[in-house]
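Each residue of the sequence shown is one higher than the last, beginning at 1180 in my numbering. This report concerns only the one structure given below.
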Amino acid sequence: MAPNGTNTAAPAASGDHMLTGAVTIQVNVFIFGLIGLIILFRLPGLIGFLRSNSGRPFLQTFGRNPPTPGNGGMTSNPVSAVSSLDLDYSQKTEKKIVVHDVHRPSYPGSQCPPHVPSTPKLLDPLLKLLHARVVPGYSALQIAILMNYTYILLYGAFRTSNPFTDNTRSAWLSVSQLPLIFALAQKSSILGTLLGYGYETLNYVHRYAGRLSILAGNIHSIYYIYKWTNAGTFIANISRPENAWGLVLLLAMDLLYVFSTEFWRRKAYNVFFWTHTIGVIVLFPAACLHRPALQPYAFACVGLYGLDRLLRVFKSSIATAKVTALPEMDMACLEIPTIKSGWRAGQHVRLRILSGRMGLFGWTETHPFTIASAAGANDGLVLLCKRAGDWTGRLVDLSKELDSKVEGQGRLKVWIEGPFGGPSRMVFASFSAAVLIVGGSGITFGLSTVEELLAKDHNNQSRLKYIELVWVVPNPGSMSPLVPLFTSLIQQSESTVLKISVYYTRALTERVPVFEKVNATPCTPVAIVHPNLTLSPGRPNFKSILNKAVDSALGVSTVTGKDAFWVSGLAVGICGPLSLGEQVVKSVGDIDSATRYRVGGVEVHEETFGW
Ligand SMILES: Cc1cc2nc3c(=O)[nH]c(=O)nc-3n(C[C@H](O)[C@H](O)[C@H](O)COP(=O)(O)OP(=O)(O)OC[C@H]3O[C@@H](n4cnc5c(N)ncnc54)[C@H](O)[C@@H]3O)c2cc1C
């Protein structure tokens, strides 16, 4: 754009221009230098992860684990679980929680995954500080990352310049951040792979960097709008093609910002999605036509965007899903038996239903769902989709309709893209104990993780001696369809003790079958079917749950000698509402440093159903 009030964008004095170019490069060198340092710091984790043989980036039609007594009968589909188990609710199998009577070798040759802590033991107290929540949803570490990013951009803005008088610096800073913003938005993120984080975990940096870039673009534009309006030459200047494209670029950026706020993402996800898509498509040509010098940045973004799309095509499959309704949970269960492996527990796929029965434009929508089964399980890939809004509501209704009309299960053609995200480099099987705390539909994360860990336990590929799955639900009735599956999982646990504790938070207003069978009162935890499967009213006491897991992990160290199975930490997995995550993270933070040290560190993986 023009630096004066009367004509087109005259080039800034060449000295200034070169300085702006140099500062922009410095800014990116700082940013990518920091990213490089983080990648280096996390390198041991990558090596440990690769040695654990956990990664499978593409969905496959063949099973990874051959059927064995341990996983051959395993099923994550509540419907299959019901039919495959002859349940006697009065039966109570006695299985004491003993965690130090079984040991497995950790000497070379053992198949147990190596345990590589995410942070050296000495830095563990620092980790505790960095993970403390400062504002809802953000840890001190996340805030520190955003603040450092801000400082680097402020350096770029003020280094021998003033954003209110220097009209080009803010523009260059704005555009120079676009490749980073695009790299952070990729679903098959290469940057994320190098860093060891899924795109959904990095999304907060994408949003923040995007906003700063748009702010800088607006500062640049306001300068000219003010100047030309004051001089009465706005129309004359904006009619020039390069300036008109500058205005289009500004509008595209502002469109991206306005409709990506939390309000739109929560209330009208489709509005957010389509404005983002249109905004991004307009952005590239507008930038190139505004100033040809911006082309390298625009082409870098197009390259990243195209690569992501290409990788996503390779990660896509079209399959037929068996659909069943789970009315007690207001969910639809989709089972895709032809997709057998290629994911890790906790990863999600993006689901598109290729059917006109999902509404006129239903097939155009893609929604993320965490895979509820472990790779290699009998049912293949299982998704549990809870009614949350229009699209999921239509799916749940359709599942009920198919259930009532079709003999057996209904079938739908689906487009599955993934897997994405998940616990990245955190290998749960390399810890001594694991606690999985999930709320509502977060049970999908809990189920797949437990199932995968039990299969690894069976194949002697796990160090875990104790797993507790804690599920918080509003209503105990939600538990009924999963009781057979829970029981089956507990019965399949071999050298690892599996405990499943369900908590319901609403007062009982109706009769619940689970209670009837065990003849219990809703005042104290009751064991259902098995002593390791309990149902309790109220909210869980996370502190005591974590303490028990720590004690169980420490119990492992009682074995000595060549076969010593060293304590390798406590893994905590969380999936559920933000408030649940905050409470658990706080309780983890309350574990004192000495205990953390003794147990070999406590690491948390948090999964949220949104961004
Ligand atoms: C990584 C991840 C894993 C998930 N796993 C599960 C699961 O296993 N089981 C389950 O029942 N639900 C899961 N969800 C939530 C599920 O994706 C949403 O409930 C569903 O997309 C809602 O769509 P809707 O049109 O019915 O509701 P809407 O009313 O449109 O939206 C309800 C909420 O879902 C969000 N949402 C809507 N569409 C999308 C989308 N395409 N991408 C991301 N968020 C969206 C909205 O922001 C809003 O907060 C997961 C979400 C994420 C991000």
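Think of the CB as a built atom: it goes at the ideal place given N, C-alpha and C, for glycine as much as any other residue.
Residue i Cβ short of 8 Å to ligand 1 heavy atom set
i     : result
P1660 : no
L1513 : no
P1547 : yes
S1355 : no
R1386 : no
S1758 : no
L1849 : Nothing about residue 1849 can be reported from this structure: the residues present for the chain run from 1180 to 1790 only.
D1487 : no
S1620 : yes
H1469 : no
D1636 : no
E1507 : no
F1624 : yes
L1381 : no
L1648 : no
A1567 : yes
Y1448 : yes
F1442 : no
A1551 : yes
Short Cβ contact (9 Å threshold) for residue i with residue j
i     : j     : result
S1138 : R1491 : Residue 1138 lies beyond the residue range present for the chain, which begins at 1180 and ends at 1790; the question has no answer from this structure.
E1596 : R1529 : yes
G1619 : G1525 : no
Y1683 : L1643 : no
I1532 : L1591 : yes
A1553 : S1627 : yes
C1480 : F1361 : yes
F1438 : F1451 : yes
F1607 : A1750 : yes
S1297 : V1206 : no
S1747 : H1399 : no
Y1334 : A1388 : no
L1486 : I1331 : no
V1651 : P1719 : yes
Outcome for residue i when other beta-carbon atoms lying within 10 angstroms are tallied against a minimum of 16
i     : result
P1248 : The predicted model places P1248 with a pLDDT of 39, which falls under 50 and marks its position as unreliable; any figure quoted below should be read in that light. With fewer than 16 other Cβ atoms within 10 Å, it is exposed.
T1454 : buried
R1523 : buried
V1662 : buried
V1314 : exposed
K1446 : exposed
F1343 : exposed
K1678 : buried
Y1405 : exposed
M1197 : exposed
R1386 : buried
D1769 : exposed
C1512 : buried
Sequence-distant residues of the same chain with beta carbon closer than 7 Å to residue i, five excluded per side
i     : result
G1375 : R1221, G1224, L1225, S1603, R1604
A1498 : I1515, T1517, I1518, V1593, I1595
P1304 : S1772
V1278 : With a pLDDT of only 34 at V1278, under the threshold of 50, the placement of this residue in the model should not be trusted, and no figure is reported.
L1308 : A1319
R1444 : F1451
V1781 : G1748, L1749, V1751, V1767, I1770, R1775
D1582 : T1503, A1504, G1589
F1209 : I1331
Sequence-distant residues of its chain with Cβ nearer than 6 Å to residue i (five each side left out)
i     : result
G1625 : L1615, V1617, L1648
E1785 : I1753, G1760
K1579 : A1504
A1395 : S1349, L1352, S1353
F1788 : none
R1777 : none
G1621 : C1754, G1755
Continuous beta strand (DSSP E) stretch holding residue i: start and end
i     : result
S1603 : It is not in any beta strand (DSSP E) - S1603 carries neither H nor E in the DSSP assignment.
V1681 : 1676–1683
T1713 : 1709–1716
Beta-carbon contacts of residue i that lie in its chain and below 8 Å, excluding the five residues immediately before and after
i     : result
P1358 : Y1476, A1479, C1480, L1483
I1393 : S1353, M1432, D1433, L1435, Y1436
Q1239 : I1518, K1519, S1520, G1521
A1323 : L1309
Run of the alpha helix (DSSP H) containing residue i, from where it starts to where it stops
i     : result
I1770 : I1770 -> no alpha helix (DSSP H), and no H or E assigned at all.
P1304 : 1303–1310
M1510 : Not the alpha helix (DSSP H): M1510 falls in the beta strand (DSSP E), residues 1510–1515.
F1599 : Not the alpha helix (DSSP H): F1599 falls in the beta strand (DSSP E), residues 1589–1599.
T1380 : 1378–1410
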